[in-house]
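In our numbering, the protein residues as written are 4 to 322. Some notes on the structure that comes next.
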Ligand SMILES: NC(=O)c1ccc[n+]([C@@H]2O[C@H](COP(=O)([O-])OP(=O)(O)OC[C@H]3O[C@@H](n4cnc5c(N)ncnc54)[C@H](O)[C@@H]3O)[C@@H](O)[C@H]2O)c1
């Protein structure tokens, strides 16, 4: 059994990654800016949450990270802490401090350990430009052309990861998903589809501010990739494009209408395309992790509805 450090573990990915780790019998330490169990309760039961060791560590405080890493000495690191697209746009300096300097702090602290742990980290499909830039689809070999400052930070991180492999032999694996959805998704540019599912159940009007295609990946599939990569890291510092169900917003709402009749009349679509390619090609990911099943939009949405209905029954579901 392994001891895995999860940075940003109070976030959406963190909740489902922790669940995967704990269900598989591993130990987990979480670093975050403050203990916030809200998203954990979507993914885990009290007995699992009790097993999580929480430490208040800001990843943009390099000295604190170095000290805490020396104390923690994890077998592997899953690095998720970060600020999303709107936050980086509103404050690029703060965004870079957390997303870029923070990742360097984690890499520096990891390589300083006697047995350096591998780092599985969250990159993003935001390293890509729009579909027009990639006529054959955007895959691992496609040139990054980020259309947001957030995407530029993620592209920088991938380059840094490759230098840490070259200079210090530090293993790392980056993942580039696009629109990850599921219970607990509540912040960021691509959080609207998940929130629309809650709105449909609560029968309240809701607006999704983009209409174009995106690649939808259910959070438990993403969690499985992170855990597999952290525990059995490949050589080097690859960054894997993560594909998903490619659908425009109208198709997403049509599926929601099938599962929650009446949803379509309450959800409005405004705005155009997201600035990120939807036609993602993930051949390398599937070759590296053939045992991890894909979860269809239909199934992922059904699982989300299932969790949300329980929340609705106890009066705690919010949009
Ligand atoms: N959600 C998606 O669809 C998606 C898609 C692609 C990439 N990503 C990336 O995956 C990662 C996780 O995404 P998420 O949806 O779980 O995000 P989230 O916003 O739900 O969680 C991020 C967590 O990081 C923590 N954090 C922020 N600044 C910190 C700091 N200075 N020190 C320590 N912790 C800090 C937050 O408190 C939060 O708990 C992020 O890096 C994000 O950019 C997300």
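All residues carry an ideal CB built from backbone N, CA and C; glycine is no exception.
By the C-beta criterion, the region 42-58 is judged to be in contact with the region 18-28, since at least 3 inter-stretch pairs fall below 8 Å. Taking C-alpha positions only, residue 96 is separated from residue 163 by approximately 18 Å.
Here DSSP, grouped into helix, strand and coil, assigns residue 55 to coil. Every beta strand (DSSP E) stretch that sits fully inside the region 57-104 and reaches 3 residues is listed by chain position as 79-82.
Every beta strand (DSSP E) stretch that sits fully inside the region 183-211 and reaches 3 residues is listed by chain position as 209-211. Across the structure, residue 167 and residue 110 are spaced so that their CA atoms are roughly 8 Å apart.
When secondary structure is reduced to three states using DSSP, residue 177 falls in the strand class.
Checking the 6 Å criterion, the Cβ of residue 193 is within range of a heavy atom belonging to ligand 1.
The continuous alpha helix (DSSP H) containing residue 46 extends over residues 43-46. Under the three-state reduction of DSSP, residue 115 is assigned to helix.
In this structure residue 235 is exposed. Its beta-carbon is surrounded by fewer than 16 other beta-carbon atoms within 10 angstroms.
Relative to ligand 1, residue 285 has its C-beta separated by 6 Å or more from all heavy atoms. Annotated three-state conformation of residue 291 is helix, per DSSP. Distances from the alpha-carbon of residue 244 to those of 282, 278, 270 and 259 put 282 closest. Inter-segment contact for the region 281-301 and the region 216-230 is present: three or more beta-carbon pairs are separated by less than 8 Å. Distances taken from the Cβ of residue 13 to the heavy atoms of ligand 1 include one shorter than 6 Å. Here the alpha carbons of residue 146 and residue 307 stand approximately 34 Å from one another. For residue 235, the distance from the CB to the nearest heavy atom of ligand 1 is not below 6 Å. Ligand 1 never approaches residue 198 closely enough for any of its heavy atoms to be under 6 Å from the residue's Cβ. By the CB criterion at 7 Å, residue 285 and residue 318 fall outside the cutoff.
The continuous beta strand (DSSP E) containing residue 8 extends over residues 6-10. Annotated as distal: residue 194 and residue 272, with beta-carbon spacing of 7 Å or more.
The alpha-carbon of residue 56 is positioned some 45 Å away from that of residue 139. DSSP places residue 320 outside both helix and strand once states are collapsed to three, so it counts as coil. Taken through DSSP and simplified to helix, strand or coil, residue 261 comes out as helix. Between the alpha carbons of residue 207 and residue 201 lies a gap of roughly 9 Å. Under DSSP, residue 35 forms a beta bridge with 59.
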